[in-house]
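This report refers to the structure that appears directly beneath it.
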Amino acid sequence: MHPKRTLSLWLLVLAGLPLAGATVKPESVGLSGERLSRIHETMQRHIEAHDISGAVTLVARKGQIAWFHAQGMMDIEANKPMEKDAIFRIFSMSKPVCGVAILMLLEEGKVRLNDPVSKFIPEFKGSKVAVVQDRPANAAASDPPRYYTIPAAREITIQDLLTHVSGLASGGPASSHELPNLIDLVGGRTLADMMPKFAAAPLDFQPGSRWTYSPLAAFDTLGRVVEIASGMNFDQFLRQRLFTPLGMKTTAFHPGDDRWPSVVTAYHRSAATLTKTQNPNRLQSKTYFSGAGGLVSTAEDYAQFALMLCAGGQWNGKRLLSPKTVELMSSVFVPDTLPGRAPGRGYGLSVEVISDAVAAGRRVSKGSFGWDGAYGTHFWVDPREKLIGVMMIQTDNPDRQVDRDFENAVMQAIVE
Numbered sequence: 040m041h042p043k044r045t046l047s048l049w050l051l052v053l054a055g056l057p058l059a060g061a062t063v064k065p066e067s068v069g070l071s072g073e074r075l076s077r078i079h080e081t082m083q084r085h086i087e088a089h090d091i092s093g094a095v096t097l098v099a100r101k102g103q104i105a106w107f108h109a110q111g112m113m114d115i116e117a118n119k120p121m122e123k124d125a126i127f128r129i130f131s132m133s134k135p136v137c138g139v140a141i142l143m144l145l146e147e148g149k150v151r152l153n154d155p156v157s158k159f160i161p162e163f164k165g166s167k168v169a170v171v172q173d174r175p176a177n178a179a180a181s182d183p184p185r186y187y188t189i190p191a192a193r194e195i196t197i198q199d200l201l202t203h204v205s206g207l208a209s210g211g212p213a214s215s216h217e218l219p220n221l222i223d224l225v226g227g228r229t230l231a232d233m234m235p236k237f238a239a240a241p242l243d244f245q246p247g248s249r250w251t252y253s254p255l256a257a258f259d260t261l262g263r264v265v266e267i268a269s270g271m272n273f274d275q276f277l278r279q280r281l282f283t284p285l286g287m288k289t290t291a292f293h294p295g296d297d298r299w300p301s302v303v304t305a306y307h308r309s310a311a312t313l314t315k316t317q318n319p320n321r322l323q324s325k326t327y328f329s330g331a332g333g334l335v336s337t338a339e340d341y342a343q344f345a346l347m348l349c350a351g352g353q354w355n356g357k358r359l360l361s362p363k364t365v366e367l368m369s370s371v372f373v374p375d376t377l378p379g380r381a382p383g384r385g386y387g388l389s390v391e392v393i394s395d396a397v398a399a400g401r402r403v404s405k406g407s408f409g410w411d412g413a414y415g416t417h418f419w420v421d422p423r424e425k426l427i428g429v430m431m432i433q434t435d436n437p438d439r440q441v442d443r444d445f446e447n448a449v450m451q452a453i454v455e
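Residue numbers (my numbering): 40 to 455.
Written as structure tokens, this is what we have:
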């Protein structure tokens with residue numbers, strides 16, 4: 040090895056910084072190596088059942104990567120094996136990244152949680168709420184929904200968007216009618232282009248009255264807030280303020296024209312059969328920077344983001360957030376008693392928070408937080424165990440059973 044390279048590696052070790060791709064003996068961080076191998080067995084069962092094409096899984100504890108494996112196929116038809124540095128469309132795992140961007144601006148005093156969205160995007164002033172009427176008995180399935188609008192009881196806020204209680208394009212009949220095929224509307228546009236369309240659509244319910252997921256509009260609106268508050272486009276802000284400091288070299292809104300061969304083929308699962316998804320790249324864009332679902336990443340890249348959160352906002356010698364802000368992010372803003380939430384599962388600022396693991400039926404510690412992506416990506420941070428888990432797959436998996444099995448395989452490997 041070149042002397043300068045050797046010196047650089049030793050400096051990283053002395054500074055307590057992780058080496059890219061390096062793993063430690065699991066027992067050195069209180070994990071059983073033998074038990075961690077059950078992650079491989081678990082993923083293999085799902086591969087053989089044709090639930091998924093392949094997976095990259097990563098587990099770190101006490102700031103050290105103890106498990107990092109790839110298995111299965113990146114592309115079944117091409118017989119291309121999965122690789123550890125494979126690139127995945129992470130879809131809604133983009134949302135916590137967007138959430139951290141907002142929290143960075145919160146720390147700088149440029150954004151407040153209770154700020155009305157109209158402070159940054161005036162079109163949101165005077166939002167209306169849809170009241171859907173019963174469909175006539177003779178109505179055809181293709182007939183548009185019947186509804187009238189009433190004024191919103193209050194303006195929607197930054198916090199409402201972060202916690203999915205805004206009612207903005209949350210899948211209700213009225214907003215879905217006003218914004219049909221939303222994912223197709225964004226092609227070739229910018230975040231600024233879409234704001235008037237989002238703002239004009241009626242809210243699906245009074246702000247704060249329930250929790251209902253906003254798949255795209257809420258967090259894309261937050262991305263636009265980042266642009267206005269920071270003076271940078273969202274892509275530039277994330278690269279400069281998050282990705283470069285954390286060493287996330289692959290994470291982006293577009294993989295780059297030369298990197299498409301490294302992007303895992305997306306599959307649809309139906310009746311124990313996997314078929315290629317048609318047009319899975321609609322949110323990968325060089326102009327529309329979707330904070331809701333546009334990012335691509337690798338398991339190791341995203342682990343840097345999760346490790347930063349697990350370490351209280353600091354990683355790779357860089358502090359992105361204060362520990363108190365990470366604590367705020369992972370606090371329960373939306374309890375499981377609010378309509379729309381499941382038992383034991385609260386919601387924080389862009390992340391689900393496990394408030395009661397037993398009630399939630401989850402094999403993670405109370406206070407764990409994280410989120411998923413539409414094609415099977417999943418991560419969580421367990422502050423109590425100082426542990427993170429990242430699973431990257433590229434098969435739509437609505438029952439999330441693979442997530443639960445991965446969590447179980449990780450947690451049963453903790454031995455001290």
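Just so you know, even glycine gets a beta-carbon here, dropped at the ideal spot from N, CA and C.
With contacts defined by Cβ atoms closer than 8 Å, residue 94 and residue 430 form a contacting pair. Relative to the Cα of residue 415, the nearest Cα in the group 131, 114, 111 and 115 belongs to 131. Beyond the five residues adjoining it in sequence on each side, residue 221 comes within less than 6 Å, by CB distance, of 255 in the same chain, given in chain order. As a beta-bridge residue in DSSP terms, residue 336 pairs with 127. The alpha-carbon separation between residue 275 and residue 266 amounts to approximately 9 Å.
In the three-state reduction of the DSSP assignment, residue 222 falls in the helix class, which pools H, G and I. In the DSSP assignment, residue 248 falls outside any beta strand (DSSP E) and carries neither an H nor an E. Check the Cα spacing between residue 375 and each of 236, 367, 364 and 387: the tightest is with 387. Here residue 322 has 329, 332 and 333 as same chain residues with Cβ atoms under 6 Å from its own Cβ, once five neighbours each way along the sequence are excluded. Taking all protein chains in view, the Cβ of residue 401 is crowded by 16 or more other Cβ atoms within 10 Å, so the residue is classified as buried.
In the DSSP assignment, the residues bridged to residue 120 are 112. Taking C-alpha positions only, residue 73 is separated from residue 349 by approximately 25 Å. Shown here for residue 143: same chain residues with a beta carbon closer than 7 Å to its own, the five before and five after excluded, namely 280, 359 and 360 in chain order. Considered as a whole, the stretch 361 to 416 harbours 362 to 368 and 396 to 399 as its complete alpha helix (DSSP H) runs of no fewer than 4 residues, in chain order.
Setting aside the 5 residues that flank it on each side, residue 217 is surrounded in the same chain by 240, each with a C-beta closer than 6 Å to its C-beta; the list follows chain order.
By the C-beta density criterion, residue 138 is buried, having at least 16 other C-beta atoms within 10 angstroms. The beta carbon of residue 297 sits closer than 8 Å to no other beta carbon from its chain once the five residues preceding and following it are set aside. Apart from the 5 residues on each side of it in sequence, residue 252 sits with its Cβ closer than 6 Å to the Cβ of 203 in its chain, given in chain order. With respect to the 8 Å criterion, residue 195 and residue 163 are classified as neighbours on the basis of their beta carbons. Under the DSSP assignment, residue 133 falls in the alpha helix (DSSP H) whose first and last residues are 133 to 146. Taking the Cβ atoms as the reference, residue 63 lies roughly 6 Å from residue 105, within the contact range of under 8 Å.
In this structure, residue 304 sits near residue 114, with a CB-CB distance shorter than 8 Å. For residue 362, the CB contacts under 7 Å within the same chain, skipping 5 residues up- and downstream, are 351 and 352 in chain order. Taken atom to atom, the span from the alpha-carbon of residue 112 to that of residue 201 is near 35 Å. If you check the CB distance, residue 78 and residue 85 do not come in under 8 Å. Sixteen is the threshold: when 16 or more other Cβ atoms of the shown chains lie within 10 Å of the Cβ of residue 211, as they do, the residue is buried.
The C-alpha of residue 177 lies about 13 Å from the C-alpha of residue 185. In this structure, the beta-carbon distance from residue 369 to residue 403 does not fall below 8 Å. A direct Cα-to-Cα measurement between residue 425 and residue 190 gives close to 46 Å. Using a Cβ distance threshold of 8 Å, residue 169 and residue 188 count as a contacting pair. About 5 Å separates the CB atoms of residue 394 and residue 371; that is less than 8 Å, so the two are in contact. In the three-state reduction of the DSSP assignment, residue 271 falls in the coil class.
Each residue's CA atom was taken as its position, placing residue 365 and residue 129 some 22 Å apart.
Under the three-state reduction of DSSP, residue 173 is assigned to coil, being neither helix nor strand. Measuring C-alpha to C-alpha distances from residue 319 to each of 312, 327, 306 and 156 identifies 306 as the nearest.
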